[in-house]
Structures are given as C-alpha cells and as structure tokens.
Amino acid sequence: MLIEEQLLLSYGADIENLDSSHVIFEEGSTPKFYYQIVKGRIKLNHYDEDGKELILAILSKGLSVCELLLFIDEKYPVNAITFEETTVLKLPKSDFIRLLDENVQVSRDINKFLSERLYFKYIMLENNTSLRPDVRIKGALNYQKSFSDNQEQFSFEVPLTRKDIASITALRVETVIRTIKKLEKEGFLKIINRKIFV
Numbered sequence: 001m002l003i004e005e006q007l008l009l010s011y012g013a014d015i016e017n018l019d020s021s022h023v024i025f026e027e028g029s030t031p032k033f034y035y036q037i038v039k040g041r042i043k044l045n046h047y048d049e050d051g052k053e054l055i056l057a058i059l060s061k062g063l064s065v066c067e068l069l070l071f072i073d074e075k076y077p078v079n080a081i082t083f084e085e086t087t088v089l090k091l092p093k094s095d096f097i098r099l100l101d102e103n104v105q106v107s108r109d110i111n112k113f114l115s116e117r118l119y120f121k122y123i124m125l126e127n128n129t130s131l132r133p134d135v136r137i138k139g140a141l142n143y144q145k146s147f148s149d150n151q152e153q154f155s156f157e158v159p160l161t162r163k164d165i166a167s168i169t170a171l172r173v174e175t176v177i178r179t180i181k182k183l184e185k186e187g188f189l190k191i192i193n194r195k196i197f198v
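The sequence shown: position 136 = 136 (the UniProt record's numbering), numbered continuously.
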C-alpha cells in the first residue's frame with residue numbers, strides 16, 4: 001500500500017466502488033484527485049490515430065493512479081479504465097497536497113515510488129525501441145513484476161493476457177504467443193494453466 005488507507009480516509013478520501021470498464025478519467029481532462037487502488041485493476045491506455053489501443057500500464061491493489069500529474073499543471077495524457085470491479089480511495093488534490101505537507105515520511109515514500117516508476121519507464125522505453133520481440137516482452141513483464149514485493153524467479157503471476165502484452169509492446173498477438181513459448185523454453189518464464197509466471 002503506497003499510503004495507508006486510514007491516513008487517506010482521515011484526510012477526507014472517499015471510497016468508490018466501480019464496475020468493470022468504468023472510465024475514471026479521460027485523456028485531456030484535468031487532474032483533480034489522488035486515486036489509490038484498494039481492490040481490482042486499472043489500465044492506463046491511449047488510442048493512436050488509427051484507433052488502435054496502446055496500454056501503457058496496468059495497475060493493481062495498493063498502487064496510485066497518475067499521481068505525478070497532481071504536482072504539475074498538465075492534462076492527463078492517458079485514460080484510466082477499470083479492468084474489473086474495482087475499489088479506489090479518491091482524495092481531492094488540495095487534501096492530498098496537505099497530507100504530504102503534514103507527513104514528511106509519506107512525502108518521501110511518494111518521491112521514492114515516483115523515482116522507481118520513472119526508472120522502469122525509461123527501461124520500458126528502451127526495450128520498446130528494440131526490434132526484437134523477446135526484448136520488448138521481457139521489458140514489459142519485468143516492469144509488471146517491479147511492483148511486486150517478491151522478486152524470486154517465477155514468484156509473480158503476470159496479470160496480463162497475451163492481447164494485453166501485445167498492446168503494451170506494440171506487437172501482434174501471434175508474435176507475442178510465439179515469443180512467450182520461446183521465452184518459456186529459454187527458462188525466462190513459466191506457463192502454468194495458461195498463466196505466465198516470471
């Protein structure tokens with residue numbers, strides 16, 4: 001959990017229960033709230049000029065949603081949409097800033113989290129410029145695993161479908177399927193009951 005739920009509630013956060021495919025915010029809208037996931041998953045996506053979906057991140061329990069935009073005067077560059085029934089804590093921007101001002105350790109934790117996320121985004125960008133599908137897919141899977149506390153090999157169940165991985169890496173689904181089988185043979189990942197573990 002990035003920020004303790006009770007602390008967020010004490011600063012006025014609301015608990016929102018959202019249905020699957022609920023749009024939390026749209027690309028181009030102004031950030032007004034801090035969102036933290038209590039239960040469920042949220043995807044951050046963008047549609048290119050041809051209408052093809054590009055998934056930029058999939059966030060799960062304990063993670064915040066585009067909090068970095070609360071520190072600058074910019075619009076959301078992505079959409080945030082629930083993957084399944086999801087519960088979030090929603091705190092107005094002014095109360096979030098006050099929480100950080102009054103809780104130095106929480107502010108430091110947020111800075112560390114943002115730095116880690118930015119680091120892995122650089123790694124993802126580097127991987128996605130590769131022409132090799134295995135490099136792109138490894139980068140995407142390692143990025144997902146970076147949010148897990150357990151970094152042992154094969155300890156993390158990737159919460160993505162092959163189609164999701166294709167959207168994240170800008171590859172075709174067929175290429176993703178072939179490459180995942182190859183990565184399993186190489187020992188990078190395991191497939192158990194059609195689920196990917198890294």
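Cβ coordinates follow ideal geometry from the N, Cα and C atoms, glycine included.
Rounded to whole angstroms, how far is the Cβ of P31 from the Cβ of L70, which I believe are closer than 8 Å?
5 Å
So, with DSSP's three-state summary, where would you put N45?
strand
Among V198, I196 and I3, which residue has its Cα nearest to the Cα of L99?
I3
Mapping the DSSP letters down to three states, classify residue 249 as helix, strand or coil.
What the structure shows of the chain is the stretch from 1 to 198, and residue 249 is not part of that stretch, so it cannot be assessed.
Out of I81, L141, L63 and M124, which has the shortest C-alpha to C-alpha gap to V176?
L141
Do S167 and L54 have their beta-carbon atoms positioned less than 8 Å apart in this structure?
yes
How many Å lie between A170 and E152 at the Cα?
28 Å
Assigned exposure category for Q6 - 16 Cβ within 10 Å defines buried
exposed
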